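As structure tokens, the structure follows; a few thoughts come after it.
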Amino acid sequence: MKINKFFIRLVKKMTEELQCYMCNDETSTGILLLNQYICRRCEEELVSTPVDQLKYEIFKRKIKDIWQQFLQEA
Numbered sequence: 020m021k022i023n024k025f026f027i028r029l030v031k032k033m034t035e036e037l038q039c040y041m042c043n044d045e046t047s048t049g050i051l052l053l054n055q056y057i058c059r060r061c062e063e064e065l066v067s068t069p070v071d072q073l074k075y076e077i078f079k080r081k082i083k084d085i086w087q088q089f090l091q092e093a
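If you count by the numbering used here, then the sequence shown holds residues 20 to 93, one letter each, in order.
Below, the structure is given as structure tokens:
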């Protein structure tokens, strides 16, 4: 049942602008990671940021927060 709710939410999200979990911008192009939206710009920045930069640690913490929220909802 939880999976069906997830797909319904996904379809709704694909047709509207969403607020990015990382930067709070509202866009309509990006990805859903464990029910949280990440815009295309943040996704690209995340995968291209060297692991020794502070920005990478910030991204890492936010992804950890997404994971923890997802586990609490389960």
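C-beta: ideal position from N, C-alpha, C; glycine also. Keep in mind that this is a model prediction, so the values were computed, not measured.
Residue i and residue j closer than 7 Å at C-beta
{"i": "I85", "j": "Q55", "result": "yes"}
{"i": "I50", "j": "C39", "result": "no"}
{"i": "L90", "j": "F78", "result": "no"}
{"i": "R59", "j": "T48", "result": "yes"}
Residue i, buried or exposed, once every other Cβ within 10 Å from all chains shown has been counted against 16
{"i": "L37", "result": "buried"}
Next item on the list: Within the region 31-80, note down every full beta strand (DSSP E) run reaching 3 residues or more, in order along the chain.
Entry: Taken in chain order, the unbroken stretches of beta strand (DSSP E) that lie wholly in the region 31-80 and span 3 residues or more are 49-52, 55-58.
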